[in-house]
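Comments concern the structure below.
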Amino acid sequence: MSERGKPNQRLGNNKRDELVFMALGGLGEIGMNVYLYGYGPPNARSWLMVDLGVTFPHESEPGADVVLPDLRYIVSDRKNLAGLVLTHGHEDHIGAVLDLWPSLECPIFATPFTAGLLKLKFGEAERKSLPVRTIPLGGRFQAGAFDVEFVGLTHSIPEPNGLAIRTPAGLVFHTGDWKFDATPVVGKSHDVAKLQSLGDEGVLAIVCDSTNAMRDGRSASEADVAKTLTKIIADAPRCVAVTLFASNVARIVSVAAAAHKAGRTLIVAGRALHRIIEVAIETGYLPESFTYLDQQRFADVPRNKVVVLCTGSQGESRAAVARIAEDEHPDISLDKGDIIIFSSRTIPGNEKAVGRVQNGFARLGVDIVTDADALVHVTGHPRRDELKDMYAWLRPKIAVPMHGEALHLRANGKLARACGVKETLTIVDGEMLKLWPEPASVIDEAPVGRLYRDGNLIVPDAEGPVKSRRKLSFVGIAVVSLVLSRRGEVLSEPGLVLEGIPAADSDGEAMREVVYDAIDGTLRSIPPKRRSDAAMVQEAVQRAVRSAINEAWGKKPVVKVLLSVVEARG
């Protein structure tokens, strides 16, 4: 590429040119979406990145705040990265930009609502401004070898976009997250005519959302949820609280309208909700007259005249709804007879966290309403009949399932074949798929992995602190402190700290005594002259302590030996 972000005149004229697709996150998992399209010869491709998101940490990743994709593959070739295109503003699609964009420093393309969210995030973090190019809805732009057009769809956030990516090899349609909703409450519905026109133009490949590929029928409309919320709030005798995904502006509109109709005051609790409302007002999805009270005003309103909108639908421990469930919120409390509506679905992996919050409300006597009880949430992803429509309208030659775990990807691929798609290829993170020239096939593999935001730092998965904490959570730690003279004499009693290790063995012997015996036996077995080899002594004591605890407990703890060598007195 002769200049970053501009087409290379050689592209399209080289017999070695290829169009490839791969993911550094998002294939074989839900979340952490980051996709790459490459065009050109293998040694000089022009790259386009689509989305850069995070995912939630698993319980086996203790202390991690969020999980981010490892971008080392594209960072090594960032001079050829023409841009980052964001399909919409959900955290699993934009959440890693704040932390990882500095390693890329490429142009960013987004529609107004997504751009507004991104700029607000960077402003709150006091980071330097981003080169965000705001593209109007339905807009079209050039990035390297790629001619990209935003195609409006519907989802659970304003401005979800599919991408019509045109290259010399043909047109690829990247769906992003989507569904078909004729009455989305906020924003426009999907444009059937546009999708059909793309099909008439000719679609080489579709890279398609697979989240609900195992569910028959069609997803319900956001307008249907609005009706249910209106009825529940109107019939409630006492306080009503609603927790949801903060980014669902349509749901915020529905809750606010239901509160107004019932003669209730809307109270908002949670910074993420305030942020979304601010951007929604700036971009016209909420009127400037949209009014609500902050959480500090909860006590000023009669309990039967209030609706509380709060963050934390996924059980996040520091979010408003979790603190209310534990009766620890500084301003808001729910009591027996109040109602909490979980207007959301539980993301896989968050079941235990959500369950803890709901059990907290149950202990308080609060009535809990979920989507198992009433239509208080609808998916933002297509079910099988919607997928069939998409395949029928676009008529792609190739289908590549994305955004889902292995079962979802396989189900989507099977459905695409049943819909007449000639080639269906299911790949996982890191596999490079050649889409053109024919035949489509996996031709290479790139390194992939996970990074963690750990407090203020970004740390690796392999051999990083999160991995160490994972091991500590299972087997505990023993720390031994030794002081030897330069001649190998033991100058004081060993120091010992045991954490996460049982106090005694099955016979009742104190574990500390078990460890002391192991240390004493090891030191006695090493002649004083050989004890001058500090590294050898440390390793011998470490092995002996681990072996002794394992024999007594059945588990091998982490063992650290701190050895100080000093001059002997006298």
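If you count by our numbering, then the sequence shown holds residues 44 to 613, one letter each, in order. Ideal placement from N, C-alpha and C gives every residue a C-beta, glycine not left out.
TODO: Classify K58 as buried or exposed, calling it buried when 16 or more other Cβ atoms lie within 10 Å of its own Cβ.
DONE: By the 16-neighbour rule on beta-carbons within 10 angstroms, K58 is exposed.
Open item on the list: Can you give me the C-alpha to C-alpha distance between S387 and V419, rounded to a whole angstrom?
Closed with: In this structure, the alpha-carbon of S387 lies about 7 Å from that of V419.
Task: Where L566 sits in the DSSP three-state scheme - done: Here L566 sits in helix by DSSP.
Task: Nearest to F341 (by Cα), restricted to the options R314, G126, L377 and L329 - done: Closest in C-alpha terms to F341, from the list R314, G126, L377 and L329, comes L377.
Task: Where K274 sits in the DSSP three-state scheme - done: Correct three-state label for K274: helix.
Open item on the list: Measuring only the C-alpha atoms, how far is T177 from G159?
Closed with: Using only the alpha carbons, I get a separation of about 9 Å.
TODO: Name the residue from R460, A449 and H424 whose alpha carbon lies nearest to the alpha carbon of K440.
DONE: For K440, the closest alpha carbon among the candidates R460, A449 and H424 is that of R460.
Open item on the list: Within the continuous beta strand (DSSP E) that includes H217, where are the two ends?
Closed with: That run of the beta strand (DSSP E) goes G213 to H217.
Open item on the list: Do P227 and H131 have their beta-carbon atoms positioned less than 8 Å apart in this structure?
Closed with: Result no, Cβ atoms of H131 and P227 do not sit closer than 8 Å.
Task: Sequence-distant residues of the same chain with beta carbon closer than 7 Å to D469, five excluded per side - done: Residue identity differs from the one stated: residue 469 is Thr in this sequence, not Asp. Short of 7 Å from the beta carbon of T469, and not among the five residues preceding or following it, lie these beta carbons of its own chain, in chain order: P444, L452, R453 and G456.
TODO: Determine the direct distance from the alpha carbon of S511 to that of E192, and round the result to whole angstroms.
DONE: Straight across, the Cα-Cα distance linking E192 with S511 is about 45 Å.
Open item on the list: Checking the sheet assignment: what are the DSSP bridge partners for K603?
Closed with: Here K603 is bridged, per DSSP, to V522.
- [ ] Since I believe V350 is in contact with V296 (beta carbons under 8 Å), could you give me their beta-carbon distance rounded to a whole number of angstroms?
- [x] About 13 Å separates the two Cβ atoms, so there is no contact after all.
- [ ] Within the segment 320–370, note down every full beta strand (DSSP E) run reaching 3 residues or more, in order along the chain.
- [x] The segment 320–370 contains these whole beta strand (DSSP E) runs: 349–353.
- [ ] Rounded to whole angstroms, what's the CA-CA distance from L458 to M554? Just pull it up for me.
- [x] Straight through space, the alpha carbons of M554 and L458 are spaced by roughly 59 Å.
Open item on the list: With H, G and I counted as helix, E and B as strand and the rest as coil, what does DSSP make of N86?
Closed with: Of the three classes helix, strand and coil, the one that applies to N86 here is coil, per DSSP.
- [ ] Excluding the 5 residues preceding and the 5 following V412 in the sequence, name in chain order all residues of the same chain whose CB lies nearer than 8 Å to its CB.
- [x] So the qualifying residues of the chain are I275, I382, I383, I384, F385 and V419.
- [ ] Could you name the residues of the same chain whose beta carbon sits closer than 6 Å to that of L605, not counting the 5 residues immediately before and after it, in chain order?
- [x] Correct list, in chain order: S524.
Open item on the list: With a threshold of 6 Å on Cβ separation, who are the neighbours of A417 within its own chain once the five nearest residues in sequence on each side are excluded?
Closed with: Here the set comprises T271.
Open item on the list: Could you tell me which whole alpha helix (DSSP H) segments of length 4 or greater appear in the segment 488–551?
Closed with: Whole alpha helix (DSSP H) segments, 4+ residues: 508–518.
Open item on the list: Which same chain residues end up closer than 6 Å to T565 when comparing Cβ atoms and leaving out the 5 residues on each side of it in sequence?
Closed with: Around T565: A583, V584 and A587.
Task: Own chain, CB closer than 8 Å to V400, minus 5 neighbours either side, in chain order - done: The residues are G355, G358, V364, A365 and A368.
Open item on the list: For a minimum of 3 consecutive residues, which ranges assigned as the beta strand (DSSP E) are wholly contained in the segment 432–491?
Closed with: With a minimum length of 3 residues, the continuous beta strand (DSSP E) runs that stay inside the segment 432–491 are 441–445, 474–479 and 484–488.
Open item on the list: Only counting the same chain, and skipping five residues up and downstream in sequence, which positions put a Cβ closer than 6 Å to that of M257?
Closed with: Hits under 6 Å: A454.
Task: Delimiting residues of the beta strand (DSSP E) encompassing R406 - done: Premise fails: R406 lies in the alpha helix (DSSP H), E394 to L407, not in any beta strand (DSSP E).
TODO: Kindly indicate the opening and closing residues of the beta strand (DSSP E) around P105.
DONE: Counted as a single uninterrupted DSSP element, the stretch harbouring P105 is not any beta strand (DSSP E), since DSSP gives it neither H nor E.
- [ ] Return yes when the Cβ of R170 is within less than 8 Å of the Cβ of L141, no when it is not.
- [x] Going by C-beta atoms, L141 is nearer than 8 Å to R170.
Task: Whether S253 touches G423 by CB criterion (8 Å) - done: Taking 8 Å as the Cβ cut-off, S253 and G423 do not qualify as a contacting pair.
Task: Backbone secondary structure at A186 - three-state DSSP - done: Shown here, A186 sits in a strand according to DSSP, grouped into three states.
Task: Contacts around W479, its chain only, beta-carbon distance under 7 Å, and the 5 residues preceding and following it disregarded - done: Beyond the five residues adjoining it in sequence on each side, W479 comes within less than 7 Å, by CB distance, of E61, L62, A212, G213 and L247 in the same chain, given in chain order.
Task: Spatial neighbours of D414 in its chain, beta-carbon cut-off 7 Å, leaving aside the 5 residues before and after - done: Excluding positions up to five away in sequence, the list reads R388 and H420.
Open item on the list: Taking a contact to mean a Cβ-Cβ separation below 8 Å, would you say V491 touches D472 in this structure?
Closed with: Judged by their CB atoms, V491 and D472 are nearer to each other than the 8 Å cut-off.
Open item on the list: Between the alpha carbons of P155 and E148, how many angstroms are there, rounded?
Closed with: Those two C-alpha atoms are separated by around 20 Å.
- [ ] Check whether the Cβ atoms of L91 and F189 lie closer than 8 Å to each other.
- [x] With respect to F189, L91 sits close: the two C-beta atoms are nearer than 8 Å.
Task: Start-to-end residues for the alpha helix (DSSP H) that takes in I151 - done: Premise fails: I151 lies in the beta strand (DSSP E), I151 to A153, not in any alpha helix (DSSP H).
Open item on the list: If you measure between the beta carbons of V110 and M75, is that distance less than 8 Å?
Closed with: Cβ distance < 8 Å, so V110 and M75 count as in contact.
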